[in-house]
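In the numbering used here, the protein residues as written are 48 to 369.
Backbone N, C-alpha and C define an ideal beta-carbon position, used for all residues, glycine too.
Below you'll find the structure, written out as structure tokens, and then a few comments.
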């Protein structure tokens, strides 16, 4: 009998090369799926529930207080003419007090909580501290390096869709309407993504945190943060557009469903509110998932770039004159 030699595990160097190979964001979807209902992830979900559902309920109570009664259970789902809408706004004092005091107060409070909870989700995914300075100055970085190119791409795509819609072909008109909305919402998501990349890089060791030691370090931070968005642009575009379609699509479907139900009873209104809460929960979980994907992608990309810098330094040291 011929004995086969025992297979040896691959050397650590080969494993490191495979582990440190460049990867796009799609590679981190599965690893980032866990952790959405614990700690900061749960805070993110509760914050978005408060922003979407609680602030809307407070606004409905404000409108009820202005009118002295509520016709929502009875007339929900009916089509109103422009004259009816104007009379409601004029006679219902909506022009003087459209939202009241508590609606924007609660909405802004929960929105701020959601933004901060998202930062905690992202920082925790890569064992970083969710400090305020990277969160704030990362937003300034995103406005500096990301706002102009993102707006330029959005303008070009919207212009092309508008030209197609202007041909008079009915199908292309719908493409312009739906596609233009998708492009604009995706552009907003792309700016948020640039912010997420900038703030986690400021908090990370690759650029020395907020206390950057030199202009070279700051320039490397700007360059890497920009490249991390645009080099893997197609993958990011698919993820961002898909997230927009799912999140806003779910809310739109619930709204259409409730509009077809009509009112007739408070139970149907409460059912609509519960459905909105469910889709808000799903959308918040998807946002937390995306935040963890961005954090893990940044962590891997930072390791790859640090390894490349180490290899260059070693190569320069080997060929340096004695």
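The beta carbon of residue 243 lies closer than 7 Å to those of 169, 338, 341 in the same chain, with the five residues before and after it left out.
Scanning 211, 217, 249, 220 for the CA closest to the CA of residue 181 turns up 249. Counting every other CB atom within 10 Å of its CB across the protein chains shown gives residue 72 a total of 16 or more, marking it as buried. The segment 152-164 makes contact with the segment 92-99; the number of CB pairs closer than 8 Å reaches 3 or more.
Bounds of any alpha helix (DSSP H) do not take in residue 71, whose DSSP letter is neither H nor E. The residues 72, 237, 240, 276, in chain order, have a CB closer than 8 Å to that of residue 283 in the same chain once the five nearest residues on each side in sequence are set aside. Taking each of 217, 215, 216, 211 in turn and checking the Cα distance to residue 227, the smallest one comes out for 211.
Taking the Cα positions, residue 130 is about 49 Å away from residue 245. Listed in chain order, the non-local C-beta contacts of residue 219 below 6 Å within the same chain comprise 211, 212, local neighbours out to five positions each way being set aside. In this structure, DSSP gives residue 348 a helical state, which the three-state scheme calls helix.
DSSP, read as helix, strand or coil, puts residue 214 in coil.
Close CB contacts of residue 177 within its chain, under the 6 Å cut and outside five residues either way in sequence, are with 166, 167, 170 (chain order). Relative to residue 186, the option among 174, 163, 172 whose CA is nearest is 163.
The C-beta distance from residue 320 to residue 294 rounds to 18 Å, too long to fall under 8 Å, and the pair is not in contact.
Rounded to whole angstroms, the gap between the alpha carbons of residue 208 and residue 217 is 13 Å.
Proximity to residue 85 across 270, 362, 336 peaks at 336, based on C-alpha coordinates.
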